[in-house]
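Structure record follows, encoded as structure tokens.
In my numbering, the protein residues as written are 1 to 910.
Below, the structure written as structure tokens:
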């Protein structure tokens with residue numbers, strides 16, 4: 001039975017108990033100090049008394065006083081110390097006290113005193129021990145009472161806060177006793193106890209019968225219960241209460257009463273109802289949304305998925321989403337999804353991932369973007385995960401397609417051999433392709449984001465600014481041609497405006513314009529040739545009459561010494577006129593040719609003595625003939641005349657003497673070379689090169705060298721038809737002519753005669769069909785001619801090599817000094833800027849002994865060798881060369897193992 005206690009002063013009693021205990025501890029500590037101070041003083045006093053009283057007095061018994069005094073301290077150690085001190089000082093007093101009674105008596109007296117002191121100490125110790133036990137018991141009782149009061153107070157606090165109280169019902173009297181909290185729940189005054197029947201009336205009718213059943217079963221059959229019921233207070237307010245009943249039995253096992261508790265759970269039930277309503281609304285909202293909505297427990301267990309999940313997967317029995325989700329995820333994504341979700345749950349961070357979920361209607365997998373965020377309680381702990389799954393399959397497919405198209409576009413733009421860039425509305429570069437970056441000779445990163453007019457101020461005021469701004473203002477595409485002196489390029493620019501800015505496509509037409517210029521020059525020469533051919537035909541008729549009459553006059557005037565010299569002079573003039581008409585006809589390609597298959601090596605050798613007599617002793621002539629040279633189809637007499645003409649021009653370029661080299665070789669002009677020349681057919685040719693060590697010619701002179709009547713010689717020393725005649729003859733023979741010259745470095749004229757038809761021509765064709773050797777090495781290309789440099793770079797990249805470009809030796813050394821590593825230095829021999837190809841190779845090989853070097857030049861290999869420009873054994877590729885020649889030469893040089901002495905194994909110097 002629960003007995004109601006008055007605990008109103010519990011807090012006060014606890015405070016009193018604590019204060020009493022504190023005061024007791026303070027008093028005990030004070031007593032301890034006082035008696036510890038008095039005891040030594042009393043011992044000293046008794047000892048002093050011993051000094052002044054006769055030996056016969058039993059002064060030793062006085063040491064019992066400090067022993068008893070020490071007992072008041074309740075410190076057994078102090079008592080023991082006092083007993084020890086008294087027992088020691090008593091014998092000592094025998095010797096220090098003045099003489100008195102008999103010595104034997106005094107000794108017995110002292111011994112008796114010691115016994116008394118020991119007995120006194122023993123009794124005092126026992127008394128203190130007993131007293132301490134009593135104090136400890138009292139203290140325990142005090143603290144037990146304090147703890148009991150504190151527990152009762154806490155129970156009252158718990159009952160008030162939790163709105164729970166206790167009750168008890170006697171089985172015999174059926175009288176109810178309850179705590180004040182139970183009375184408060186009923187809204188009854190404290191101390192008012194109803195009967196069982198009265199108490200049951202407080203329950204709502206729909207709950208009352210159930211309460212009576214479980215209560216009677218508890219009181220009658222001893223069945224405990226714990227249930228919630230709707231409750232009506234005295235004022236009529238409805239509440240929800242939790243009623244707990246537990247039977248109490250006597251020694252015989254009979255139920256004598258029922259004890260229990262009553263708790264007001266109205267707020268919890270309201271919160272649960274509100275939560276249930278919120279969950280219902282959440283589910284209704286989630287089911288109405290077109291995307292999948294899901295929730296998960298703090299440990300990551302998915303406990304809910306919206307209707308969209310079931311409609312998408314066609315799995316109506318997915319009552320355990322956490323277990324079922326893995327079955328609808330693409331097998332390739334399961335591990336990734338699991339790892340990402342585990343990490344998000346572990347770290348408490350937001351969850352975001354894309355993966356594929358199987359669609360139930362057709363079994364296909366579609367991409368979804370799945371996100372989840374943790375919801376935290378007031379203490380920061382995760383209370384719930386709320387997530388969504390959005391179908392992004394179409395969007396992702398569009399992104400992939402856009403990315404694929406973008407990649408294809410970028411790949412196309414990057415592979416273009418023309419420049420391309422994009423400007424925004426503020427004229428800033430937003431994109432440039434690699435080709436245009438190469439034109440600018442700047443990395444893309446240094447250009448992107450800069451304003452066009454600030455990056456290239458020299459364009460302000462040009463046609464580019466005017467046309468670009470016109471395109472912006474009219475929103476119409478423009479096309480125009482512009483020459484860039486800095487890079488020596490003719491560029492056709494196409495500009496396309498848009499809302500985002502302007503796209504510019506820059507087509508390099510330099511080669512086309514040069515080819516057009518050559519074509520125009522060829523047409524001009526053709527027109528002049530036709531004119532001169534007609535004049536020469538008529539002039540030959542006139543010269544026939546003049547020569548005939550001159551010969552007749554010379555014979556008739558043999559005895560006339562006054563007129564015969566005039567006739568002879570007239571005949572010589574006619575002969576020179578005939579020679580001039582012959583050259584005109586050769587230039588005009590009108591002379592009759594009788595081409596035959598000839599051995600060029602034998603023909604050149606047969607002219608050796610003639611050339612030496614004609615050119616003079618100060619000209620050193622070297623003949624370098626190719627072994628197994630092909631036969632050429634050419635008119636012998638005209639070829640001899642052309643070769644003699646070239647040698648005479650070479651002599652005139654070496655007024656102080658020099659070296660003339662005539663070299664022969666087999667070459668094959670490919671389509672890449674032929675497409676950039678006029679009237680050149682790809683195929684096999686026999687090459688004859690005439691090289692001198694003379695003054696050389698600048699580029700503008702070389703471009704006019706084949707024009708008729710153009711000459712750099714003083715008036716009266718040349719007709720200007722020598723090279724024009726050679727040019728016309730070679731073109732009439734379906735051949736090709738090329739001049740290479742540098743001021744101060746001499747000139748090389750290369751003649752290409754078509755190979756004569758022979759039975760072994762098929763072998764040459766087969767050789768040309770051999771697959772091109774390629775590679776992946778890094779090559780530093782050094783070439784001062786912009787067009788040649790870009791053309792060769794494109795060929796090298798087409799063969800698979802990584803290419804870095806330099807316009808001269810100074811720039812090449814800067815690149816090498818920056819630490820870049822290369823497998824091969826591919827350099828022109830003669831370059832401007834003060835550093836030749838040989839000097840560049842020597843400086844490069846000092847820092848990189850194993851660097852391979854390949855030279856190229858318009859001069860022949862043997863002229864280079866014999867002019868002292870390079871040491872013997874140099875690797876040289878002659879211009880022009882076909883792609884097969886370039887690829888083969890590169891591999892032959894790269895495949896050699898270099899030594900550390902500045903040369904390859906072949907002995908090629910650096």
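Ideal Cβ positions, reconstructed from N, Cα and C, are used throughout, including at glycine.
Check                                                                                                             : Outcome
Local conformation of residue 342 per DSSP, three classes                                                         : helix
Pairwise C-alpha distance: residue 893 and residue 774                                                            : 13 Å
Nearest-angstrom beta carbon gap, residue 171 and residue 219 [assumed within contact, 8 Å]                       : 6 Å
Cβ contact (3+ pairs, closer than 8 Å) linking the region 460–478 and the region 490–501                          : yes
Continuous beta strand (DSSP E) stretch holding residue 666: start and end                                        : 658–669
Reference residue 432, options 425, 449, 397, closest by Cα                                                       : 449
Rounded separation between residue 677 and residue 734 - CA only                                                  : 13 Å
Under the three-state DSSP convention, the category residue 491 falls into                                        : strand
Inter-stretch contact (C-beta, 8 Å, three-pair minimum) for the region 265–278 and the region 192–205             : no
Counted within 10 angstroms of its Cβ, other Cβ atoms place residue 247 as buried (16 or more) or exposed         : buried
Proximity winner among 814, 239, 337, relative to residue 389 (alpha-carbon distances)                            : 337
Inter-stretch contact (C-beta, 8 Å, three-pair minimum) for the region 351–360 and the region 325–341             : yes
Range of the contiguous beta strand (DSSP E) that encloses residue 294                                            : 292–296
Three-state secondary structure (DSSP) of residue 236                                                             : coil
Simplified DSSP state of residue 630, which is helix, strand or coil                                              : coil
The region 771–786 contacting the region 670–684, beta-carbon criterion three pairs below 8 Å                     : no
Residue ranges of each beta strand (DSSP E) within the region 392–434, 3 or longer                                : 419–424, 429–432
Alpha-carbon spacing of residue 560 relative to residue 641, whole angstroms                                      : 38 Å
Reference residue 292, options 235, 354, 387, 257, closest by Cα                                                  : 387
Coarse secondary structure for residue 98, derived from DSSP in three states                                      : coil
The region 436–449 / the region 401–421 touching (three or more Cβ pairs under 8 Å)                               : yes
Proximity winner among 507, 187, 810, relative to residue 480 (alpha-carbon distances)                            : 507
Within 8 Å, strictly: CB atoms of residue 633 and residue 753                                                     : yes
Cross-strand partners of residue 895 (DSSP beta bridge)                                                           : The partner list for residue 895 (beta bridge, DSSP) is empty, contrary to what the question assumes.
Among 607, 117, 563, 129, the one whose alpha carbon lies nearest that of residue 83                              : 117
Rounded C-alpha distance that separates residue 652 from residue 423                                              : 56 Å
Contact with chain D by residue 308, beta-carbon distance below 8 Å                                               : Of the protein chains in this structure there is only one, and it is not chain D.
Straight-line gap, residue 703 to residue 736 (C-alpha atoms, nearest Å)                                          : 15 Å
Any 3 or more C-beta pairs closer than 8 Å across the region 689–698 and the region 643–660                       : yes
Inter-residue spacing [alpha-carbon to alpha-carbon] between residue 366 and residue 314                          : 14 Å
Cβ neighbours of residue 50 in the same chain (closer than 7 Å, five flanking residues each side left out)        : 59, 93, 96, 97
Assumed close pair residue 245, residue 224 - CB separation to whole angstroms, cut-off 8 Å                       : 6 Å
Nearest to residue 255 (by Cα), restricted to the options 168, 573, 602, 65                                       : 168
Segment contact flag, the region 597–607 with the region 657–670, C-beta cutoff 8 Å, min 3 pairs                  : yes
Per DSSP, cross-strand counterpart(s) of residue 230                                                              : 240
Residue 374, buried or exposed, once every other Cβ within 10 Å from all chains shown has been counted against 16 : buried
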